[in-house]
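Heads up: the sequence lines are chains A and E, in that order.
Going by our numbering, the first sequence opens with residue 555, and the numbers climb by one from there.
Going by our numbering, the second sequence opens with residue 555, and the numbers climb by one from there.
Working notes, beginning with the structure itself.
There are 2 protein chains.
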Amino acid sequence: MSTTTPSARPGLTPLSTRAKATRGQTRTNNLRLALQIIFSDSPTSRASVARASRLTPATASDLVDELLDLGLVMETGTGPSAGGKPPKLIAPNPEGRSIIALDISSSLFHGAVVDLSGEIVTTRSILGNTGDAAIAVVADLISELAVSSPAPLLGVGIGTPGVVDVPAGLVTSANLGWHDAPVAAELARATDAPIHITNDAQAAALHEYSVHAPAVASLALVQVGRGIGTGHVLDGHLFQGENAATGEIGHVRLDDGGKRCSCGNTGCLETVASMSALLEKVGGDQTVSHDRIAEVAEDPAAESAIEAAAVALGRGLAPMVALFANREIVLWGEVTSLGETYRRIVEREIRSRVLPVNTEQIQVRYGTAGDDAVIRGAAALVLSSELGVVW
Amino acid sequence: MSTTTPSARPGLTPLSTRAKATRGQTRTNNLRLALQIIFSDSPTSRASVARASRLTPATASDLVDELLDLGLVMETGTGPSAGGKPPKLIAPNPEGRSIIALDISSSLFHGAVVDLSGEIVTTRSILGNTGDAAIAVVADLISELAVSSPAPLLGVGIGTPGVVDVPAGLVTSANLGWHDAPVAAELARATDAPIHITNDAQAAALHEYSVHAPAVASLALVQVGRGIGTGHVLDGHLFQGENAATGEIGHVRLDDGGKRCSCGNTGCLETVASMSALLEKVGGDQTVSHDRIAEVAEDPAAESAIEAAAVALGRGLAPMVALFANREIVLWGEVTSLGETYRRIVEREIRSRVLPVNTEQIQVRYGTAGDDAVIRGAAALVLSSELGVVW
DNA sequence: CAGCTTTGTATGTTTACTAAACATTCTTAC
DNA sequence: GTAAGAATGTTTAGTAAACATACAAAGCTG
């Protein structure tokens, strides 16, 4: 026991062991490992899986056979010889399972069926609602998508605004009129598939992570649109906190006094750094949309307002960088239409407010995903929760 | 594989599997589990270990036998019968291993030999130094303590001020005149025992956690003395970040303008909320010590200065609470001598600046440990790193 | 075509958890 | 004071899953 294997990466050191380990868990771990290798290096071979996993060829072969039996992967023919017997190629089986992914963070609820290769197969949108009716709308959306699903359901993933209590399955969202709404329990009556709910910013963070993993192990996604919220992947783990109200940085009061915020308080970060706040200052059409923000970005008269919003955001993010020692800070939401000038001011402002040791390696950039980041992140949540795999 | 065992606690969802699992790891995990149970419920019995671990009596018995062989636990006689054969009691063997723990965060370097029951067996202090000489002093301290160690060394734990790059073993500290100093590598020449270095606030957080685990799974320790720094345990994991500069909240710039800080910047949280800042405002003896701070706490003339410091700290901590959704916020350092009024203002200020959903359950309290928290935390770091156990 | 390389499988071993029976030693009830 | 019962802990046999080794299959290279 003295020769402890150190955790593969630094960052989060587990302090003690909590549950027994069994052969079955060993097997599950290795099945997931093999599946991840196949997802990452597709198409690949049994021999490659053995090399990448450091398992023996016999074990790797056996694992692949079990994954074939489960329908999660498939043989796709024969590959080129590397000086010997040519490999039988193994790849994810897109039609092995379906994932239903939902984004209910805007007034239109968006849903999709996603296959195991991460492709969106079907989409459907319904006008949203609030309160209990909203849950009913979501349940309908799931049922409709389930009918069109071409494969057994792996699970349902939902990205919602507000705060999610994951273990209890409760959601609190002002927009949706939910206060500790038992969304998971209600939806469980609409489908047998496991349901995974997360905050929209966390879903987007997960998607961003899955695009860049494993090169990037940690990142902070900062959603700036009508409001401001963050989602965090720390050392390959989605950080959801004890009561899941993590990343609610938009409602931190920066200034005493200050404008009144939708939360009832005054001087929140959102009142100075959100895109709503920017539009309020600029005047004209107040609809927070990519088009409208892009319009503002081009407007010379808006220059100082944009700078003020950028400075405020940088100021709000500085403590985050000091606490998490983030390297990757991804801006996402309507803010992505503001362009390079804005981004540079945010980065400069963070740098000027935090120790150099924390900012030497930071990178502030816009998210690579478009409007489907929440949907794709919700699907990624199901994939990682059910199969332990990241696209 | 579809029947995934959900992680025992929420908070940190692992996204994918990174390394193969083997029988050996199963065994190691279960040895650690058994050891943790014995540490937590000492004295206990083989049958109790089986029940608590959910392993079969045969396996639990075998694990305990191996722990006995390793000298980590011992039989301490026979316990009272519970209606049948009385148990042979099992307890940690205090003399099974020794841990050398160091606190080099003040001008006097403190060292101790700690036994496996967490008792401090020997202490020694040497006047510290800076630069390469400081490393030499630390090496001497380790050697001296190693000589007086009554048992085989489990490892050396060090709590240092500044920033630690754990994987590389580098330390950067203004106080000690270290910039990426290869402390781990240098000390490895003084001892064969594994060396674990962490930030002083993180060490204190670890100690605080070990006092309250497993009732508390996460906590933030806020060290307020000459400077301000935080250490975080998240869901039973010590959070050290990617480049380990986590928790450096003292040097976040709150106000443009503001006083000059030791870091070279202006307006840092430390310049308004540290105990140095408080003393500067109050006048008189400027030595940051418990006695001096207690004196200030009693001084009616200092009331407004204390309130200002408390307000500033609460303001600085608000983003932390919003991001981590902390429930337990532990104040530690010389600040603990400021008393209840100060604590209450800090708590009030945090509550007024963050969403209610984040503050409903928070508790701001003073640390339970005294000046030996860093030493004890450094020892706990060794114990958890080498044996996977928390006291 | 011989020899080498790579892929993949087959056979048997080892490790460590499980299951079930049992031995041991105490308490309780009659 | 003896029998029944209960809790502790061990023994024996069984099994899952990784490992070690050998080897078959299928290609490339000279």
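Idealized CB from N, CA, C, for every residue including glycine.
Just so it is clear, the structure is predicted and the values come from calculations on it, not from any experiment.
Is the beta carbon of A601 (chain A) sitting closer than 7 Å to the one on N584 (chain E)?
-> Between A601 (chain A) and N584 (chain E), the CB-CB gap reaches or exceeds 7 Å.
Beta strand (DSSP E) containing P646 (chain E): first to last residue?
-> P646 (chain E) -> beta strand (DSSP E) spans 642 to 646.
Hey, quick one: how far does the alpha helix (DSSP H) through N584 (chain A) stretch, first residue to last?
-> Segment 577 to 594, the alpha helix (DSSP H) holding N584 (chain A).
As assigned by DSSP and simplified to three states, the class of R743 (chain E) | Coil at R743 (chain E), not helix or strand.
Can you give me the Cβ contacts of L867 (chain A) inside the same chain, cut-off strictly under 6 Å, excluding the 5 residues immediately before and after it?
-> Excluding its 5 nearest sequence neighbours in each direction, L867 (chain A) has C-beta neighbours in its own chain below 6 Å: A827, V900, listed in chain order.
Exposed unless 16 or more other CB atoms sit within 10 angstroms - verdict on L892 (chain E) | Its Cβ being crowded by 16 or more others within 10 Å, L892 (chain E) is buried.
Beta-carbon neighbours of D576 (chain E), restricted to chain A and to distances below 8 Å = First, the residue type needs correcting, since residue 576 (chain E) is Thr and not Asp in the sequence shown. Those are T580, listed as they occur along chain A.
What separation, rounded to the nearest whole angstrom, lies between the Cα atoms of R905 (chain A) and V725 (chain E)?
-> R905 (chain A) and V725 (chain E) have their C-alpha atoms roughly 22 Å apart.
Identify the continuous alpha helix (DSSP H) that holds V900 (chain E) and give its terminal residues.
-> From DSSP, the alpha helix (DSSP H) with V900 (chain E) extends over 894 to 907.
How about R881 (chain E) and Q915 (chain E): do their beta carbons lie closer than 7 Å?
-> Yes, they are a contact pair.
Classify L808 (chain E) as helix, strand or coil using the three-state DSSP reduction.
-> The answer is coil: DSSP assigns L808 (chain E) none of H, G, I, E or B.
Which of helix, strand or coil DSSP assigns to L670 (chain A) | When DSSP states are grouped into helix, strand and coil, L670 (chain A) belongs to the coil group.
By the criterion of Cβ-Cβ separation under 8 Å, what are the contact partners of C817 (chain A) in chain E?
-> Here the neighbours are L909.
Would you verify that the beta carbon of L622 (chain E) is, or is not, closer than 7 Å to some beta carbon of chain A?
-> It does not: the Cβ of L622 (chain E) has no partner Cβ on chain A nearer than 7 Å.
Apply the 10 Å Cβ neighbour rule to E673 (chain A) and answer buried if 16 or more other Cβ atoms are within range, or exposed otherwise.
-> Here E673 (chain A) is exposed. Its C-beta has fewer than 16 other C-beta atoms within 10 Å.
Quick one: Cα of A934 (chain A) to Cα of T714 (chain A), how far?
-> Straight-line Cα distance between these residues: approximately 15 Å.
Give me whichever residues DSSP pairs with R919 (chain E) in a beta bridge.
-> Paired residue(s): E:V884.
Return yes when the Cβ of N647 (chain E) is within less than 7 Å of the Cβ of Q675 (chain E), no when it is not.
-> One point to set straight first is that residue 675 (chain E) is Val, not Gln, in the sequence displayed. Contact flag unset, no.
State whether the stretch 761 to 768 of chain E contacts the stretch 912 to 931 of chain E, with contact taken as three or more CB pairs (one from each stretch) at a distance under 8 Å.
-> The stretch 761 to 768 of chain E vs the stretch 912 to 931 of chain E: in contact.
Taking only beta-carbon positions, decide if A879 (chain A) is within less than 7 Å of chain E.
-> A879 (chain A) counts as touching chain E.
Using the rule of at least 16 other Cβ atoms within 10 Å of the residue's Cβ for burial, across every protein chain shown, is G711 (chain A) buried or exposed?
-> Within 10 angstroms of the beta-carbon of G711 (chain A) lie 16 or more other beta-carbons, which makes it buried.
Would you report the Cα separation of Q794 (chain A) and S772 (chain E), rounded to the nearest angstrom?
-> Distance between the alpha carbons of Q794 (chain A) and S772 (chain E): 12 Å.
At what residues does the beta strand (DSSP E) containing E629 (chain E) begin and finish?
-> 627 to 632 is the span of the beta strand (DSSP E), which, as asked, contains E629 (chain E).
For N912 (chain E), the first and last residue of its enclosing alpha helix (DSSP H) | That run of the alpha helix (DSSP H) goes 910 to 913.
Is P910 (chain E) near the ligand FMN, going by C-beta to nearest heavy atom under 6 Å?
-> Among the ligands in the structure shown, none appear at all, so the ligand FMN cannot be discussed.
Compute the distance between the beta-carbons of P597 (chain A) and L643 (chain A), then report whether it is under 7 Å.
-> Result yes, Cβ atoms of P597 (chain A) and L643 (chain A) sit closer than 7 Å.
Kindly list the residues whose CB is nearer than 8 Å to the CB of T632 (chain E), restricted to its own chain and excluding five residues on each side of it in sequence; keep chain order.
-> The residues P640, P641, K642, L643, in chain order, have a CB closer than 8 Å to that of T632 (chain E) in the same chain once the five nearest residues on each side in sequence are set aside.
Give a yes or no on whether the minimum CB-CB distance between I803 (chain E) and chain A is below 7 Å.
-> Taking Cβ atoms only, chain A reaches closer than 7 Å to I803 (chain E), which makes this a yes.
Beta-carbon proximity check, L569 (chain E) vs G785 (chain A), cutoff 7 Å = Their beta carbons are not under 7 Å apart, which means L569 (chain E) does not touch G785 (chain A) by this criterion.
Between T558 (chain A) and S939 (chain E), what straight-line distance do the alpha-carbon atoms span, to the nearest angstrom?
-> Only weak support is given to the placement of T558 (chain A): the predicted model assigns it a pLDDT of 37, under 50, and the value that follows is read from those uncertain coordinates. Per the coordinates, the alpha-carbon of T558 (chain A) lies some 8 Å from the alpha-carbon of S939 (chain E).
Say whether the stretch 730 to 738 of chain A touches the stretch 684 to 695 of chain A, bearing in mind that this needs 3 or more beta-carbon pairs closer than 8 Å, one atom from each stretch.
-> Because the criterion of three Cβ pairs below 8 Å is met, the stretch 730 to 738 of chain A and the stretch 684 to 695 of chain A touch.
Given L566 (chain A), which residues of its chain have a CB within under 7 Å of its CB, disregarding the five upstream and five downstream residues?
-> If we look at L566 (chain A) and ignore the five residues flanking it on each side, its Cβ neighbours are L788, D789, H791.
In terms of residues, what are the limits of the alpha helix (DSSP H) holding G697 (chain E)?
-> Position check: residue 697 (chain E) holds Ser in this sequence, whereas Gly was assumed. DSSP places S697 (chain E) inside the alpha helix (DSSP H), whose first and last residues are 685 to 701.
Contact list for the stretch 856 to 879 of chain A against chain E, Cβ threshold 7 Å = Those residues of the stretch 856 to 879 of chain A placed with their C-beta closer than 7 Å to a C-beta in chain E are A872, P873, M874, A876, L877, F878, A879, ordered along the chain.
Closer than 7 Å by beta-carbon distance: list the chain E residues that pair up with T571 (chain A), in chain order.
-> Proximity of chain E to T571 (chain A) at the Cβ level (cut-off 7 Å) is accounted for by N583, R586, L587, Q590, G942, in chain order.
Beta-carbon proximity check, E649 (chain A) vs R678 (chain A), cutoff 7 Å = Not a contact, by the Cβ cut-off of 7 Å.
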